[in-house]
Structure formats: structure tokens, C-alpha cells
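Enquirer:
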Amino acid sequence: MTVSNAYNYELSVFIPARDESASLQKVLKKIESAFESLNLKSGEIIFVDDGSTDDSARILKDLKSSYKLKIVTHKKSLGLTAAMKSGFSVAEGEYLIFLPGDLESDPESDIPILYSKLQEGFDVVSGYRQGRKDGKVLASRVYNFVSRKLFHLDLHDMNWIKGFRLEVLRDIELRSDWHRFIIMIAADMGYSVAEVPVSWHPRIGGRSKFGFLRIPISFFDVLALKFLLMFRKKPMLFYGTVAFSMLFGGVMIGIVLVSLWLLKGVQIRPFLQLAFFLLLSGMFILMVGFLAEQIASLQDRVDKLCKSCEDRCPK
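Convert by adding 189 to the 1-based position in the sequence shown; the result is the number in my numbering.
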């Protein structure tokens, strides 16, 4: 396969690393073996050192003389989303594969699997861990079950290794800690998504960056993302529904109160206050909806302008 004129490499492999000094050299050897097995004419390896406190920075610097490496260094740990944004921004391959630096994924076998599936025409390919035994299986299954139901994706493991056409990554703007939602966002944008089974391996060094505090945070992030994807193009669909429900409730309560007052001379002040509250709140939310519609319209124009600029001045 020959690389497109728009890219300098056929494939980029991106690895974020924080305190993974024990595995870096083995990871590089396995990536090189994968490149050889694929008969790639051009490939690049990108490491983002996310504020490591061990010897990772020194080891990567020493290895640069033996491998075609791009190294991006964060002075302090900024998190996986920031590491991804740094790595994606310097990638020049037509396709990009994201792997961890701890060898829980075997680059030698997994890179060809992901790359071959991308070659079938898919925009995004996700790895589905087989034989996983790391103590996080239950939390992962719950998260993936909720995500499948909310986003209607037939995937089982949305937070593992992935392969992309680079165009997809350049089209997605990631917010803090939204790295785990790349697949959902890409699917919502119309990109094709596939899943392939891959083997899981115990990490050989370092320590897991997973914390159980991330579970509730991830849950609320999933709900926020679902809300954003549903209503970002048509915010009035949400605000209008809420506003008209409140207005309808206020009007109906008002009609009942007026009827009671005219027919029986009965006044129920708490319900009168409730009616005013619903009417005023409904009108306020309706105004917010109109403002949100204007913002969405402006965002569409900005997106078109950015797309036009990218077409005229390709990277």
C-alpha cells in the first residue's frame, strides 16, 4: 500500500506513557516487529510522556537514536485526554493506532489486527479485550452496558485500544476526560465503527492509573455527553419541551384557580404562587432556548468556516 499524498506516513502508533520505564523498550521492539509484518513502507511512533517521575524521559531520549520516534513531553501529568490531544496533533500517518505503554496490549499482534480492519474501510476500530483479569471487569461491564444502551452501539469494550483514520481525530474536539467517549462522538458524527477481539495481558511494570472515583465521574460524563449529542443541533427540542410543559401546567392551574374563585369564592394562594412560578419559569426557559438556538446556528457557521479554511490550507 502507498501512502496518500496528504500524509507523510502510512501508519502512526501513539502511546501515552506515565511512569512506564519498565516496558518502553519492549513496546518499541514489538511495534517495529508489527511494522515489519505489515510490510509498511513508512510508519511513525509517537510517545507522549505525561509527567513521568521515573526514568521514562531518559529512556525515551536514549531510544530515539535507534527508533523513528516523536516524543512529546508534559512537564506534569495532564491526564490521558491531554496526552491524546498532544499526540494526535503531531501525527502524520493516514491511520493512527492508540495503545497503552504497559503491554496489557501486545503491539506485535494487536497492531496488525486493528490495521487490517481499518483497511476494510472502517473509520474507527475498537479492540475487545479477551481473557481480562485485572479487577476492573465489573465496572467496565456496567459502563459499557450503559453506553451501549444510551448510544445504540453494538460494542462491548469502548475504553481499550483503538485505530482511526487520522481524519476522524482531526474532526473531533475533546474536552477534559472525554477520551473515553471518542467512539461515541465519532459514531454520532457518522463515522463507521467496528470491533475486533484482542488478547489482554497482565501489565509488566508501573501501576494502574485507574481510580474508583472515576466511576461516578464517568457516569455523569456519559449522561452529559448524551444530552449534548441529542440537543446540540436542536437545543429548542429540549428547552421548548420543558418550557411549554411548565407553561401548560401554569395555565391549567390558573384556569382551575379562577374557576374556584368565580364559582365558589375559594382562593388557594399557594397554588396561585405555583402557577405564577411555572409561567415565569416557562417563559425564562423559552428565552434560554431561543438563545441556545442562536448559539447553535453560530456554531454551525463557525464549523463551516473552519472546514473551508482546512480545505484551502490542508495540514
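We treat Cβ as the ideally placed atom computed from N, Cα and C, and that holds for glycine. Remember, it's a predicted structure, so these values are computed and weren't measured experimentally.
Tell me, please, whether the CB atom of Y198 is closer than 8 Å to any CB atom in chain C?
Expert: Of the chains in the structure shown, none is chain C; there is only one protein chain.
Enquirer: Any idea what DSSP makes of P289, helix, strand or coil?
Expert: Here P289 sits in coil by DSSP.
Enquirer: By DSSP's criteria, H390 is part of a beta bridge. Which residues make up the other side?
Expert: Its beta-bridge partners do not exist; DSSP assigns none.
Enquirer: To which residues of the same chain is P463 closer than 7 Å at the C-beta, ignoring the five residues directly before and after it?
Expert: One point to set straight first is that residue 463 is Leu, not Pro, in the sequence displayed. Correct list, in chain order: I442.
Enquirer: If I'm right that E209 touches S255 with Cβ under 8 Å, what's the distance once you round it to whole angstroms?
Expert: Not confirmed; about 18 Å, so no contact.
Enquirer: Roughly how many angstroms lie between the CA atoms of F408 and C498, to the nearest whole one?
Expert: Roughly 36 Å separates the two Cα atoms.
Enquirer: Nearest to E233 by alpha carbon, out of A271, F224 and D239?
Expert: Out of A271, F224 and D239, F224 has the C-alpha closest to the C-alpha of E233.
Enquirer: Tell me which residues share the same chain as T262 and place their Cβ nearer than 6 Å to its Cβ, disregarding the 5 neighbours each side in the sequence.
Expert: The residues are D238.
Enquirer: Apart from the five residues on each side of it in sequence, which residues of its chain come closer than 7 Å, Cβ to Cβ, to G320?
Expert: S388 and W389, listed in sequence order.
Enquirer: Pairs of beta-carbons, one from the segment 468-480 and one from the segment 420-433, closer than 8 Å: are there three or more?
Expert: These segments touch.
Enquirer: Nearest CA to the CA of V357: which residue from F460, E283, V445 and L451?
Expert: Considering only alpha carbons, the answer is E283.
Enquirer: If I measure Cβ to Cβ from G276 and keep anything under 7 Å in the same chain, skipping five residues before and after, which residues do I get?
Expert: F203, P205, I235, V237 and V261, listed in sequence order.
Enquirer: How many angstroms separate the CA atom of N348 from the CA atom of M373?
Expert: Their Cα atoms are separated by approximately 11 Å.
Enquirer: First and last residue of the alpha helix (DSSP H) that includes I442?
Expert: From DSSP, the alpha helix (DSSP H) with I442 extends over P424 to K453.
Enquirer: Quick check: the segment 329-347 against the segment 375-385, are there 3 or more CB pairs under 8 Å?
Expert: Short answer: they touch.
Enquirer: Look at R337 and S266 and say whether their C-beta atoms are less than 8 Å apart.
Expert: No.
Enquirer: Are the Cβ atoms of Y196 and L355 separated by less than 8 Å?
Expert: Yes, the pair counts as a contact, with Cβ atoms nearer than the cut-off.
Enquirer: Quick one: give me the first and last residue of the beta strand (DSSP E) that A506 is part of.
Expert: Coverage of the chain is limited to positions 190 through 504, which leaves residue 506 absent and any answer about it impossible.
Enquirer: So the beta strand (DSSP E) T262 belongs to, where does it begin and stop?
Expert: Counting along the chain, the beta strand (DSSP E) containing T262 begins and ends at L258 to H263.
Enquirer: Check D251 in the structure and name its three-state DSSP category.
Expert: The answer is helix: DSSP assigns D251 an H, G or I state.
Enquirer: Measuring straight from C-alpha to C-alpha, what distance separates A271 and G290?
Expert: Distance between the alpha carbons of A271 and G290 is about 16 Å.
Enquirer: So is D295 buried or exposed if we call it buried at 16+ other beta carbons inside 10 Å?
Expert: With 16 or more other Cβ atoms within 10 Å, it is buried.
Enquirer: Please state whether DSSP places Y380 in a helix, a strand or coil.
Expert: Three-state DSSP puts Y380 in coil, outside helix and strand.
Enquirer: If we call anything under 8 Å between Cβ atoms a contact, is G240 one with K274?
Expert: No, Cβ-Cβ distance for G240 and K274 is not below 8 Å.
Enquirer: Give me, in chain order, the residues of the same chain whose beta-carbon lies closer than 7 Å to that of F460; leave out the 5 immediate sequence neighbours on both sides.
Expert: Same-chain partners within the cutoff: I442 and L446.
Enquirer: Could you give the C-beta distance for D312 and A375, rounded to a whole number, given that I count them as a contact under 8 Å?
Expert: Their Cβ separation, rounded to whole angstroms, is 7 Å, which keeps D312 and A375 in contact under 8 Å.
Enquirer: Rounded to whole angstroms, what is the Cα-Cα separation between K219 and L494?
Expert: Taking the straight line from one Cα to the other gives about 42 Å.
Enquirer: Excluding five sequence neighbours on each side, which residues of the same chain lie with their C-beta closer than 8 Å to the C-beta of L475?
Expert: If we look at L475 and ignore the five residues flanking it on each side, its Cβ neighbours are Y428, G429, A432, F433 and L436.
Enquirer: Give the DSSP-derived three-state secondary structure of F466 in the structure shown.
Expert: Reduced to three states, the DSSP call for F466 is helix.
Enquirer: Let me check understanding here. Comparing Cα to Cα, which of Q214, N333 and V455 lies closest to Y317?
Expert: When only C-alpha atoms are compared, the closest one is N333.
Enquirer: Whose CA, out of S231, R490 and L285, lies closest to the CA of L303?
Expert: Nearest of S231, R490 and L285 to L303, Cα basis: L285.
Enquirer: Please identify the residue among S278, A485, S329 and L229 whose C-alpha is closest to the C-alpha of P424.
Expert: Here the closest residue by C-alpha is A485.
Enquirer: From the DSSP output, read off the bridge partner residues of L315.
Expert: The residue asked about is misnamed: residue 315 is Ser in this sequence, not Leu. S315 is bridged to K351 and E384.
Enquirer: To the nearest angstrom, how far is it from the Cα of K422 to the Cα of L363?
Expert: Rounded to whole angstroms, K422 to L363 spans 18 Å at the Cα level.
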